[in-house]
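Residue numbers (my numbering), protein chains in the order written: chain V, 616 to 928; chain B, 218 to 876. Just so you know, even glycine gets a beta-carbon here, dropped at the ideal spot from N, CA and C.
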C-alpha cells in the first residue's frame, strides 16, 4: 500500500493533466467573460484523436510517427521523479533533478526531430524557435533548482521537499523568492504559454509549439498534446513541491492522505487561476523578446544561487 | 606483471609489423586485410595491458638509456586508463577504416595511411606511458608530425597546406611551452624522470609552482584546443582522412588532458591556489564559445571539430572543480570531479569518434559534407542513421546515454561547491551549473539541426536521394561505438568503479561517495520506464494514410522550402550576434532601383573574433619584424664581411671585459 502511493501520485499527474488544461481554459474563458468549454473537453479531444488515423507525409521516415510516442514516454517517465502528495517519488537518488531536466530535454529533442521530419516549411520553423527557447531555458531551470537544493543541503527532489516542509512559511528567504520566479518563468516558456508562445494561435508565422505539431494528426497528435499537458502538470507540481509543500502527507493514514490530496488540488487550482489571469492580461511577446525574458530568468536564478552563499536570508 | 610485459611486447611488435603488412597489402590483392588485422590485434593486446594494470598497485616500469636521454615507461593506473582509452576506442575506428580506406584511396595511399596510422597510435600510446621527459616529448612531437603526414596523404592543395601550416606552427609553439614546463622543474628535481618530478613537486617555491602550472596549462591547452588556443583545431581536424579525423578528435586531444592531469595532479599535487578558477573559467569559455561556433557551421566535420572544443571545455570545467576542491581540503569531492572529467574524456572519445565515422559514411554515400545538400538520409542509410542519432543524443547529454552520466557527475560536483568554506568557491562553482546547462541546451539545438537537416525531411539534392548504405564493416565500427555509448549510459558503474580507483591514486585520502551507488539504479529504472512506456505506445495498431504536408493550401511545396542549417540556427545566431561578428556584403544592381533589381548578390564571411583581434596582430608583428630583419640581408659580400668583423670585435671585447 505504502509503496503504491508514489505510483498513484504519478498516475494522478499523467491522467489528471488534461483536466488541468481544461480548468485553465475554463478559467481563462470566464475571466474573458465567455462561457467556455467544459473542463472535461481535453479528454474528449484526446479520445477523438485516438480513434482517428495517422496522416503521414509521403517522404517521412518511421521517426515521424515514433517521435510523438518517445516524447510521451520521456515526459511520462519524468513524472516518476516528482513528489506530489508526500515527500517521496517512485524513483529518487541524489542528483535526480538533473535526470528530470535530462528527460525533458530528451522529449524536446525528439519533438524537434519529429517536426523536422515532416518535410514542410513549418516544422523546421517551429523546431528552430523551440531550440532557441529551450536552449535559453535550460540554465535558469537548473539554477533555480540548484539554489533550493543548496538551501536544503540535498540534491534529491524528495530531500529538498522534506527540508522545505520543516521550514516555517513566514520565514521565507530571498533565495526562495528568486528561485521561484526563475522557475515560474521557465515553466511558462517550457510549456509554451503566453507570453512566450500562444497555445491557441492559428497563424503559422507566430507559432512555436503549434508549428512543430502541425504535421502530426490522429493518435500521434494525441500523444503530443497529452505529453504537453503532462509537462504543464509536472512543472506546476514541481513548483508546488519545491516552494509550497505544506500539507503534504507525513504519515500514511487515510485522513492525512486525503488532506494532502485536497491541499494539492487547492494549490494546483490556485496556480491554474494565476496562469489564466496572466494569459488573459498579457500579450504574447515578439519572438526576439523571448531571449530577454529568459535572460531575466537566468539572472534571477543566478542571483538566487549567489544569495545562498550569503546565508540566504 | 609477466603477462602484461609479454602483451606489451607483442603489441609493440604488432604496431611495427603493420608497416610491412601495409607494404604487402598494397601489392597483393588478396592480403588487403592484413594491415588492419595486425593493427587490431596489437590494439587488443594494448587494451589487455591497460586492463591488467589499471587496478594493480604496482605499476609496470621500464628504464632505458642514460640522462638526459633517459627513455623510460611506467604504466600506473592513470596511464593504464588512457592506454585503454587509446587502444579500445581506436579498435572500432580501425574496423571502419579497413572498409573505408580501399573505397576512397589508391593502394599506395592506403599503404601510407595504414603505416602512418599505426605509428600515430603508437606515438599517442608512448605519450601516456612515458616516464621521462625525453620519452614524453619524443612521443608528443611524433604525434604532431605523424598526424600532419596523414593529413598530407589526403591531398596537397594550397588551402590544405595553409591549414596544415597553422596546425604545425601552433603545435610547435605548444610543444615548446610543454618542454619549458618540464625544464622549469630542473632546478628543483635535477632530472626529468617522472619520479624525480613527483618528488620535487612538494619542494617547489610558490613562484616556480605558478610558472610550471601556467606553462603546462598553456602548452597542453594548445593541444587540447582551449579557446583562444583552439584556432588550429577546426582547420586541421576536418581535412584529415575520416578515420584519422576520428582519431585526432577522439583520442589525440585526450593526450593533452592526460598531460595536464599528470602535471597538475600528479607532479604538482594541485597547483597554486588560483589554478582551479583559471581552469574552470577557461573551460566555461571554451564550452560556450565552442558550441556557439559549432551552431554557425554547416560543414559537418568542421561542426564536429568545434564540438570538440566545447567538450574539452566541459572536461576542463570538471578538472577545474577538482582543483578547487583539492585546494579547499575536500578530497572526496575532488575525486568525484576528477572521475567526472575522466569519464567525460572517455565518453567524448566514444561519441566523437562515432560522429566522425558517421560523417565519413555520409560523405561515402553522398560525396558531400555540407548538411544543406543532404536530407532524408535516415531512410536510405538506416543503420548509419540510428548510430548517428545515438551519437547525437550522447554528445548532447541526453539520458540514458553516457554523455548524460558524466555531465550529471560534473553537475553534482558543482553543487557540492556550496559546502566549501571559501566564499569564491561557494558562489562560482554552483553558478557553473548554469553555464553547463546553457552549453547542454545549445548543443541540443545544434545537433537537432544536424540530424534534422541531414537525416530527416526530404532529400535536397539528387546525390542525397540516391545515397546507398555503407558496407557492413563500416557499420559494425559505428555499431560498436554506439553500443558502448548506450552501455556506459545505462550501466555507468562498468567504468565508474575503476575510475574511482584511478582517482584515488591522484587525490590522496579520498573515498568514493556513497551517492554514486544509487546513480546506476535510477538510470536503469528510468531507462526501463521510458522504454516500457515507449514500446507500449508504439505497439498499439494505428491506421496510417499518406498525405502531402501542409503548405498553406498552395501547390508546389519544394524541398528548398525546408529549413536549412542556416535558417534553423538563425534565431540563436541573432541572439548571440556579438559572438559571430559576420562580415556581410549585399550588392543590389542597379543601385538606383533597389526595389526592382536585376541582380542581387549576398556574401557573408564569418571570422571568429579571435582570429581578428588576437592572432592577426600577432602575425602582423612577426611579419613586420621579419621585414625589418630582411634589411640585414643585402646580398653584398662587403656587408657580410663587415658583420663578421663586427662579431669578432664584439667577442674580443667581451673576452677583454671578462679578463
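Cβ-based neighbour list, residue i, same chain, cut-off 8 Å, excluding 5 preceding and 5 following
i	result
residue 686/B	582, 597, 598, 599, 600, 601, 692
residue 780/V	702, 860, 861, 863, 865
residue 675/B	592, 593, 776, 779
Cβ neighbours of residue i in the same chain (closer than 7 Å, five flanking residues each side left out)
i	result
residue 341/B	303, 360, 468, 469, 472
residue 808/V	814, 890, 894
residue 281/B	288, 289
residue 325/B	243
Beta-carbon contacts of residue i that lie in its chain and below 6 Å, excluding the five residues immediately before and after
i	result
residue 343/B	356
residue 366/B	333
residue 265/B	224
residue 661/B	613
residue 773/B	none
residue 447/B	526
residue 838/V	683, 684, 687
residue 248/B	241, 242
residue 722/V	686, 689, 690
residue 329/B	370
residue 913/V	754, 755
residue 639/B	545
residue 802/B	820
residue 635/V	848
residue 928/V	For residue 928/V, the pLDDT reaches just 43, beneath the cut-off of 50, and the residue's location in the model is therefore unreliable, leaving the point undetermined.
Whole-number beta carbon distance between residue j and residue i, since they are thought to touch under 8 Å
i	j	result
residue 268/B	residue 292/B	Residue 268/B to residue 292/B, Cβ: 11 Å. No contact.
residue 338/B	residue 370/B	So it is not a contact: roughly 16 Å between Cβ atoms.
residue 762/V	residue 916/V	7 Å
residue 945/V	residue 700/V	With chain V covering 616 to 928 only, the question about residue 945/V has no answer from this structure.
residue 625/B	residue 650/B	That belief does not hold up - the Cβ atoms of residue 625/B and residue 650/B are roughly 11 Å apart, past 8 Å.
residue 731/V	residue 673/B	5 Å
residue 672/V	residue 733/V	5 Å
residue 559/B	residue 353/B	Not confirmed; about 19 Å, so no contact.
residue 594/B	residue 516/B	That pair is no contact at about 16 Å.
residue 568/B	residue 608/B	5 Å
residue 878/B	residue 573/B	This structure cannot speak to residue 878/B, because chain B is shown only from 218 to 876.
residue 806/V	residue 846/V	6 Å
residue 296/B	residue 346/B	5 Å
residue 555/B	residue 720/B	4 Å
One or two residues paired with residue i in a DSSP bridge
i	result
residue 820/B	802/B
residue 806/V	DSSP lists no partner for residue 806/V.
residue 246/B	Per DSSP, none; premise fails for residue 246/B.
residue 410/B	349/B
residue 589/B	Looking at the DSSP assignment, residue 589/B forms no beta bridge with any residue, so it has no partner.
residue 876/B	Per DSSP, none; premise fails for residue 876/B.
residue 278/B	291/B
residue 516/B	587/B
beta-carbon residue i near the ligand MG non-hydrogen atom, thresh 6 Å
i	result
residue 764/B	Looking for the ligand MG in the displayed structure turns up nothing, as the structure carries no ligands at all.
**OP:** Jot down the residue ranges of each uninterrupted beta strand (DSSP E) in the stretch 662 to 716 of chain V, minimum 3 residues, whole runs only, in chain order.
**Re:** The stretch 662 to 716 of chain V contains, as complete beta strand (DSSP E) runs of 3+ residues, the segments 669 to 671 (chain order).
Subject >> Runs of beta strand (DSSP E) wholly within the stretch 726 to 803 of chain B (minimum 3 residues, chain order) >> reply: Segments of the beta strand (DSSP E) lying fully in the stretch 726 to 803 of chain B: 761 to 763.
Original post:
Going along the chain, which residues of the stretch 758 to 784 of chain V sit with their C-beta nearer than 7 Å to a C-beta in chain B?
Top reply: Within the stretch 758 to 784 of chain V, the qualifying residues are 758, 761, 764, 765, 770.
Original post:
Of all the residues that make up the stretch 642 to 658 of chain B, which are near chain V by a beta-carbon distance shorter than 7 Å?
Top reply: The residues in question are 643, 644, 647, 648, 650, 651, 654, 655, 657, 658.
Original post:
Can you list the alpha helix (DSSP H) stretches of 4 or more residues lying completely in the stretch 422 to 472 of chain B, in chain order?
Top reply: Complete alpha helix (DSSP H) runs here, min 4: 423 to 441, 450 to 453, 459 to 464.
Subject >> Complete alpha helix (DSSP H) runs within the stretch 589 to 623 of chain B (minimum length 4 residues, chain order) >> reply: DSSP runs (the alpha helix (DSSP H)) wholly in the stretch 589 to 623 of chain B: 594 to 597, 599 to 613.
Subject >> Selection of the stretch 898 to 913 of chain V by Cβ proximity to chain B, strictly under 8 Å >> reply: Listed by position along the chain: 902, 903, 906, 913.
Subject >> Secondary structure, alpha helix (DSSP H): runs of 4+ residues fully inside the stretch 731 to 784 of chain V >> reply: Those alpha helix (DSSP H) runs which fall completely within the stretch 731 to 784 of chain V and span 4+ residues are 737 to 767, 772 to 780.
**OP:** Please name the residues in the stretch 596 to 613 of chain B whose beta-carbon is closer than 9 Å to at least one beta-carbon of chain V, in chain order.
**Re:** Answer in chain order: 596, 599, 602, 606, 609, 610, 613.
**OP:** Counting only runs of 4+ residues fully inside the stretch 652 to 697 of chain B, write out the alpha helix (DSSP H) ranges in chain order.
**Re:** Scanning the stretch 652 to 697 of chain B from its first residue to its last, the whole alpha helix (DSSP H) runs of 4-plus residues come out as 679 to 682.
Subject >> Within 7 Å of chain B by C-beta, residues of the stretch 719 to 749 of chain V in sequence order >> reply: The residues in question are 720, 721, 724, 727, 728, 731, 732, 733, 734, 735, 736, 737, 739, 740, 742, 743, 744, 746, 747, 749.
**OP:** Please name the residues in the stretch 691 to 720 of chain B whose beta-carbon is closer than 8 Å to at least one beta-carbon of chain V, in chain order.
**Re:** Within the stretch 691 to 720 of chain B, no residue has a Cβ lying closer than 8 Å to any Cβ of chain V.
**OP:** With a floor of 3 residues, list each beta strand (DSSP E) that falls wholly inside the stretch 800 to 855 of chain V, ordered by position along the chain.
**Re:** Complete beta strand (DSSP E) runs here, min 3: none at all.
Subject >> Within the stretch 297 to 348 of chain B, ranges of the alpha helix (DSSP H) (whole runs, at least 4 residues) >> reply: Taking only runs of at least 4 residues, the alpha helix (DSSP H) segments lying wholly in the stretch 297 to 348 of chain B are 324 to 346.
Subject >> Runs of alpha helix (DSSP H) lying entirely within the stretch 618 to 654 of chain V, each at least 4 residues, in chain order >> reply: Entirely contained in the stretch 618 to 654 of chain V, the alpha helix (DSSP H) runs reaching 4 residues are, in chain order, 619 to 646.
Original post:
Just by C-beta distance, which residues in the stretch 628 to 642 of chain B are closer than 7 Å to chain V?
Top reply: When C-beta distances to chain V are compared with 7 Å, the residues of the stretch 628 to 642 of chain B below that value are 628, 629, 632, 635, 640, in chain order.
Subject >> Members of the stretch 807 to 828 of chain V that neighbour chain B once the beta carbon cut-off is set at 9 Å >> reply: For the stretch 807 to 828 of chain V, the set of positions with a beta-carbon nearer than 9 Å to some beta-carbon of chain B reads 819 in chain order.
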